[in-house]
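Take 1 as the starting number for the sequence shown in our numbering and just add one per residue.
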Amino acid sequence: MIQEHLPLESRVSRLTVQSLRNLCDAQNVPGAANLLKRQLIGFVMKSIDHKVLEDFCRQQEDIYFAENMAKAIKWAQSRKIVALDPKSDYTIVNAVFTMRRSDGWEVYNVRFVNHTTDDVATSCECVDSREKKYFCPHQMSVLVRCLSEGLFDLDHWTGPMTPEAEELILANVLRRKKKGRRLHR
Ligand SMILES: [Zn+2]
Numbered sequence: 001m002i003q004e005h006l007p008l009e010s011r012v013s014r015l016t017v018q019s020l021r022n023l024c025d026a027q028n029v030p031g032a033a034n035l036l037k038r039q040l041i042g043f044v045m046k047s048i049d050h051k052v053l054e055d056f057c058r059q060q061e062d063i064y065f066a067e068n069m070a071k072a073i074k075w076a077q078s079r080k081i082v083a084l085d086p087k088s089d090y091t092i093v094n095a096v097f098t099m100r101r102s103d104g105w106e107v108y109n110v111r112f113v114n115h116t117t118d119d120v121a122t123s124c125e126c127v128d129s130r131e132k133k134y135f136c137p138h139q140m141s142v143l144v145r146c147l148s149e150g151l152f153d154l155d156h157w158t159g160p161m162t163p164e165a166e167e168l169i170l171a172n173v174l175r176r177k178k179k180g181r182r183l184h185r
């Protein structure tokens, strides 16, 4: 469904030490308690059935997607947080994500390129996207803005998506938009 093209080891390495240890406990595999992250990844890859690992990764990825999509739906409403280049269209989207944090500003350029294949190429400058290969909350918030402005619709989006996130968008973004239109008539 999402990001299954990544090698299993990369998907496992994105998980936290705590969730890897919990998995070992749940699978009754002893010996994980004192391992550092890098050793733990190797240990898990050797000790746990890869089908079980895949299911676990997918579960964690779905949680990441749903939790961040909920935040992204809120952020996408603010033009201060998500600034869309007005020249953006179905083939290319450029946006800047800006958010105030306690220790300064988070500013990331986000880009979707949809020229050549059925698969949209998406990128963000943040660590989650660059290093962990996640479809990060910044990209999600740009996606939500594009959907709410009608740059593309959910049926034609070929990038990462889950049924849960699609439900959230349908319930909170697209329905709200229709309501808003009716009010302005
Ligand atoms: Zn990002």
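Note that the Cβ used here is the ideal one computed from N, Cα and C, for glycine as well. The structure presented is a predicted model; accordingly, all values stated were derived computationally and were not measured.
{"query": "Using only the heavy atoms of ligand 1, determine whether one of them is closer than 7 Å to the beta carbon of S129.", "result": "yes"}
{"query": "Can you tell me whether D146 sits near ligand 1, meaning its C-beta is under 7 Å from at least one heavy atom of the ligand?", "result": "The amino acid at residue 146 is misidentified as Asp; the sequence shows Cys. C146 Cβ: outside cutoff for every heavy atom of ligand 1."}
{"query": "Since N109 is in the beta strand (DSSP E), which residue starts that stretch and which ends it?", "result": "104-113"}
{"query": "Any heavy atom of ligand 1 closer than 7 Å to the Cβ of Y64?", "result": "no"}
{"query": "Just the C-alpha distance for A26 and I48, rounded to the nearest angstrom, thanks.", "result": "11 Å"}
{"query": "By the DSSP assignment, the alpha helix (DSSP H) with S141 in it spans what residues?", "result": "137-148"}
{"query": "So, is E67 buried or exposed, given that buried needs 16 or more other C-beta atoms within 10 angstroms?", "result": "exposed"}
{"query": "Does the Cβ of M1 have 16 or more other Cβ atoms within 10 Å, making it buried, or fewer, making it exposed?", "result": "Reliability fails at M1, whose pLDDT of 47 lies under 50, so the model's placement of it is uncertain and the value that follows must be treated cautiously. M1 comes out exposed."}
{"query": "What residues match up with T122 in a beta bridge as DSSP calls it?", "result": "F112"}
{"query": "What's the C-alpha gap between M140 and F152?", "result": "14 Å"}
{"query": "Excluding the 5 residues preceding and the 5 following R101 in the sequence, name in chain order all residues of the same chain whose CB lies nearer than 6 Å to its CB.", "result": "none"}
{"query": "Note down the Cα distance separating L170 from A70, rounded to an integer number of angstroms.", "result": "12 Å"}
{"query": "Using DSSP bridges, identify the partner residues of T98.", "result": "V107"}
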